[in-house]
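Report on the following structure.
Residue numbers (the numbering used here): 5 to 325.
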């Protein structure tokens, strides 16, 4: 078995972060900019494709630069974002491009959005800097960036939304691209989130697409997050995708040790058509400044899918503005 360490992006990030002060995020009264740059040093045991993988199921966002610009004028708002990523399979050319490109009209508690945007589903964020772990869990669902229209409603202690886009299950060449086809395989998504109990969030979501040449696919996602105290939080997620996974789930505990240091542990499971994967791991983040932090992770996956078990160790540097 080969072992390779990916260091170039991580080293460059440390140098850049050390020489950079906090970036200005407010352009004017109507525009603001946000973003991050991340780089990872990763060791993977148990696979011959070590040099082709970053922690998790895909690697685009684990060595990347992301920039987003948001604007607001009266009842209209919009956002455009761009990501440039390191190819995780050493062959793909489609690793950079526009993620968000949408406008939103808000009238009271109702917001109507048109353009390209990320789907509702999933406890874990697409943007790995927002997660406790570097890698994704084994909780599996499809909720990509795609183009369409959605309507969201925010009430007292709850929110809900419905969306119709060009893709839900089957996208384009990567997670950030829809299939661009609107004839008969439109992707639909809906959610309901309840926050009426202090420190508790409950999320219920479904997705559906009648894919050309295949059977229609229905998926479901339920997750919860509860802040037990100022320092301790627990989270859980259960998902299912028709004809892909019978069940997958995630259980996670996070604890804020100090103002700068946090630690998390998780167990996660995937039961697919060809076998199952049980994973567990620990992660920790140390925040040096509001702009720079380091995240470490150890994850183990016990695979019953015809592939070897894997052990993954990683450190990720994050510069955020």
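Where a beta carbon is used, it is the ideal one built from N, C-alpha and C, also for glycine.
Practice item. Answer yes or no: do residue 40 and residue 133 have a C-beta to C-beta separation smaller than 9 Å? Key: yes
Exercise for review: Would you decide whether residue 293 is buried or exposed? Buried here means 16 or more other CB atoms lie within 10 Å of its CB.
Suggested key: exposed
Check your understanding: Taking the continuous beta strand (DSSP E) assigned at residue 103, which residues delimit it?
Key -> 100 to 111
Practice item. Starting from the C-beta of residue 207, find all residues in its chain whose C-beta is less than 6 Å away, skip the five residues before and the five after it, and write them out in chain order. Key: 197, 227
Exercise for review: Return the residue from the list 255, 295, 231, 259 that minimises the CA-CA distance to residue 42.
Suggested key: 295
Check your understanding: Going straight from the alpha carbon of residue 58 to that of residue 46, what length do you get?
Key -> Confidence at residue 58 is low in this model, with a pLDDT of 37, below 50, so the placement of that residue is unreliable and no value is reported for it.
Review point. What is the C-beta distance between residue 302 and residue 317, in whole angstroms, given that I count them as a contact (C-beta under 8 Å)?
Key: 5 Å
**Study point:** Length of the line joining the Cα atoms of residue 143 and residue 110
**Key:** 33 Å
Review point. Mapping DSSP to helix, strand and coil, what is residue 95?
Key: In this prediction, residue 95 has a pLDDT of 44, which is less than 50 and means its spatial position is unreliable; what the coordinates show is noted afterwards. Three-state result, residue 95: coil.
Point to revise | Of the listed residues 126, 192, 238, nearest to residue 220 (C-alpha basis) | key: Closest option to residue 220, Cα to Cα, is 192.
Practice item. Starting from the Cα of residue 331, find the closest Cα among 189, 224, 233 and give me that residue. Key: Residue 331 is absent from the model: the chain starts at 5 and stops at 325.
Point to revise | Residues near residue 124 by beta carbon distance below 6 Å, same chain, minus five either side | key: 193, 195, 209
Check your understanding: Are at least three pairs of beta-carbons, each pair with one atom in the segment 153 to 170 and one in the segment 64 to 82, less than 8 Å apart?
Key -> At 8 Å Cβ cutoff, the stretches do not touch.
**Study point:** Spatial neighbours of residue 260 in its chain, beta-carbon cut-off 6 Å, leaving aside the 5 residues before and after
**Key:** Hits under 6 Å: 235, 266.
Exercise for review: Assign residue 132 to one of three DSSP states: helix, strand, or coil.
Suggested key: Residue 132 falls in the helix class under three-state DSSP.
**Study point:** Opening and closing residue of the beta strand (DSSP E) in which residue 194 lies
**Key:** 191 to 198
Practice item. Please go through the same chain and pick out, in chain order, the residues whose beta-carbon is closer than 6 Å to the beta-carbon of residue 73, but skip the five residues on each side of it. Key: Closer than 6 Å at the Cβ level, and outside the excluded window around residue 73, lie 37, 84.
**Study point:** Bounding residues of the beta strand (DSSP E) (the contiguous stretch that carries residue 256)
**Key:** 249 to 260
Practice item. In the DSSP assignment, find the unbroken beta strand (DSSP E) run with residue 89 in it and report its ends. Key: Counting along the chain, the unbroken beta strand (DSSP E) around residue 89 starts and ends at 80 to 89.
Practice item. Alpha carbon to alpha carbon, how far is residue 309 from residue 247? Give it in angstroms, no decimals. Key: If you take the alpha carbons of residue 247 and residue 309, they lie about 16 Å apart.
Check your understanding: What residue from 170, 321, 249, 68 has the CA that sits closest to residue 121's CA?
Key -> 170
Point to revise | Host beta strand (DSSP E) of residue 68 (start-end) | key: 68 to 77
Exercise for review: Counting only the same chain and skipping the five closest in sequence on each side, list residues whose C-beta sits under 6 Å from that of residue 278.
Suggested key: 309
Check your understanding: Given residue 129, which residues of its chain have a CB within under 8 Å of its CB, disregarding the five upstream and five downstream residues?
Key -> 135
Review point. Where does the unbroken beta strand (DSSP E) through residue 317 begin, and where does it stop?
Key: 314 to 324
Check your understanding: By how many angstroms is the C-alpha of residue 288 removed from the C-alpha of residue 262?
Key -> 12 Å
Review point. In whole angstroms, what separates the C-alpha of residue 2 from that of residue 187?
Key: The shown model of the chain, from 5 to 325, leaves out residue 2, and the question about it has no answer.
Practice item. Determine, using beta carbons only, whether residue 255 and residue 232 come nearer to each other than 9 Å. Key: no
Check your understanding: According to the Cβ coordinates, are residue 241 and residue 139 closer than 9 Å?
Key -> no
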